[in-house]
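For reference, the structure is listed below as structure tokens.
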Amino acid sequence: MARAGGITNAVNVGIAVQADWENREFISHISLNVRRLFDFLVQFEATTKSKLASLNEKLDTLERRLELLEVQVGTASANPSLFNS
Amino acid sequence: MLFYAVGVGVHCTEFMGIMTASTRLIPRESSNFDEVSMHQSLLFSDSLQDLKNLRTQLYSAAEYFELSYTNDDQKQIVVETLKDYAIKALVNTVDHLGSVSYKVNDILDEKVDEVSGTELRVSCIEQRLRTCQEYIDHEGLIQQSSVINTPKYHKRKGRSPSPSPQTSQKPGVFSFTSTMPKKELDKRSVSPHRFPLLRSGSLSSRPVTPSSRSTTPNSSRPTTPNPSNTRRRYPSEPRKSASMRLHADRENGREVEQYPSKSKRLLKALLSRRKSKKDDMLYTYLDEY
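Laid out in structure tokens, this is it:
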């Protein structure tokens, strides 16, 4: 009777240990996927920042060129005699 | 157990409902580009808002499962439900983030393309402006050159009655004859090219220094006035203008003065070499000369 109870306890402990290992495995899978998600987010942030910086630089250059063009066109418009050939 | 199942089920359905709310695209036919872009920006803002709400929902779900696990006896069911919820939440989060990142990338690429197109247009405008500026500069240069050339033209052609494009080449001839320096004319008149036979004679008997010979290039022979040529030119002088005649007279006068002395020197040089082998040739040349 005692032997049977001991075996049952051992089986229960074994089942509990197996369930615990399964839970740990699940948690490790979840944490691994969360880390991958985090890595993706970090990479996406870097890529997006780089793209935004490039876009900002292009826009700055474009703004300066447009200002220069505006001044040149304004100067030319202020002297209409240049176009009266 | 039923309570947990229902509770977790409600939570999951809420979560999934929020997750799928942004993906429910109402088919809307937009007539123009502005409506489409506004619709896309609206969907994008909804996705971002769902991502923000996801954090609070995950925190609330974690608290709920914690309480349930501590208070209830059916811990295995709670754990299983928590596993399912975690898997679904992770999958939906990945889906959401993928959608949002794709939209962000799409918008960024679109903006980059727009900026590139705008750069091209600005470059086109700049090139047009540069061409216009070059044209204006060219026209201004032409005007200025015409304004500057007219007085010079009248100065040079002061004696000519009417300035015409045919007579515009004459100032070049005039300048050649009139701007020829006096020293050059003198040098050319003393040029030893008129005495080519001196090469056959000795160097010591040459009255003219070899340096002057070397300084006068052979290519200048056609331009060097020859005494015989000048003599032939005398009858044709009346065809030239007054200034040409004056220069020619001066030049010929100097050459006539220098000619006897040079011929004497040449005769002396030749007579001193009478015993040489080429005497016959020299005499024949003298006869011809």
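Chains as they are written, first to last, in full-length UniProt numbering: chain A, 1 to 85; chain H, 1 to 289.
Glycine included, each C-beta is placed from N, C-alpha and C at the ideal position.
Tyr135/H is classed as exposed because its beta carbon has fewer than 16 other beta carbons within 10 Å across all chains shown. With contacts defined as CB atoms closer than 7 Å, Phe38/A and Ser101/H fail to qualify as a contacting pair. For the pair Lys111/H and Leu55/A, the CB atoms are nearer than the 7 Å cut-off.
Contact between the segment 59–66 of chain A and the segment 108–128 of chain H is established, with three or more Cβ pairs separated by less than 8 Å. In terms of beta-carbon proximity, Leu69/A lines the interface with chain H, with at least one pair separated by less than 7 Å. DSSP places Ser28/A within a helical segment (H, G or I) once states are collapsed to three. Against Ile125/H, the close residues of chain A are Leu69, in the order they occur along the chain (beta-carbon pairs closer than 8 Å). Annotation: the continuous alpha helix (DSSP H) that includes Asp34/H extends over 33–71. If you compare the alpha carbons of Gln40/H, Val78/H, Thr93/H with that of Lys52/H, the shortest gap goes to Thr93/H. The Cβ of Glu63/H sits no closer than 7 Å to any Cβ of chain A. Ser31/H and Met38/H have their C-alpha atoms roughly 12 Å apart.
Under the three-state reduction of DSSP output, Asn12/A falls in the helix class. Among the CB atoms of chain H, one or more fall inside 7 Å of the CB of Arg65/A. Take the alpha-carbon of Gly14/A and the one of Val42/A: they are about 41 Å apart. Distance from the CA of Thr8/A to the CA of Asp84/H, rounded to the nearest whole angstrom, comes to 30 Å.
A straight-line Cα-Cα distance of about 16 Å links Ala76/A and His138/H. Using a 10 angstroms sphere on the CB of Val78/H, the tally of other CB atoms reaches 16 or more, which defines it as buried. For Asn12/A, no chain H residue has a Cβ inside 7 Å of its Cβ, as the nearest lies near 13 Å away. Look at Asn79/A here: in three-state DSSP terms it is coil, with no helix or strand label.
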